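Working notes, structure below.
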Amino acid sequence: MFPVILLITVILAFIGIGLFLVIGTLRRIDFLVCVPEGWFYFYPYWFLKKSFGEKAVYYFHLFIGVVFILGGIGILLYAIS
336 MFPVILLITV
346 ILAFIGIGLF
356 LVIGTLRRID
366 FLVCVPEGWF
376 YFYPYWFLKK
386 SFGEKAVYYF
396 HLFIGVVFIL
406 GGIGILLYAI
416 S
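Right, dumping it as structure tokens:
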């Protein structure tokens, strides 16, 4: 029973994080407002903003959100089969 509960929790976490990122990005919530200044030097954010501008960070969040959603669905399909 415990592995089933753990699996459901992981699936919901993946899909929840993905939905948070996708919906937040589409609604243009600026995630970077609540991120400490030093965190912006995290390489993907720094590289994206420096090379492609602020809009690239939003697309990065959208991409990561979709990956999380697809990962949750993939785990769910694997568990069902």
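What the sequence shown shows, in the numbering used here, is residues 336 to 416, in sequence order. In this text, a Cβ means the ideal position worked out from N, Cα and C, and glycines have one as well. All values reported here derive from a predicted model rather than from experimental measurement.
- Query: When you compare each of H396, F387, I350 to G406 by their alpha carbons, which one comes out closest?
  - Reply: I350
- Leaving aside the five residues before and after A291 along the sequence, list all residues of the same chain whose C-beta is less than 8 angstroms from its C-beta, in chain order. The structure shown does not extend to residue 291, since the chain spans only 336 to 416, so no value can be given for it.
- Task: Under 6 angstroms Cβ to Cβ from H396, same chain only, skipping five residues before and after it: list those, please.
- Result: L356, T360
- Message: In the DSSP assignment, the alpha helix (DSSP H) including G351 goes from what residue to what residue?
- Response: 337 to 361
- Message: Do I343 and F403 count as a contact pair if the criterion is CB distance below 8 angstroms?
- Response: no
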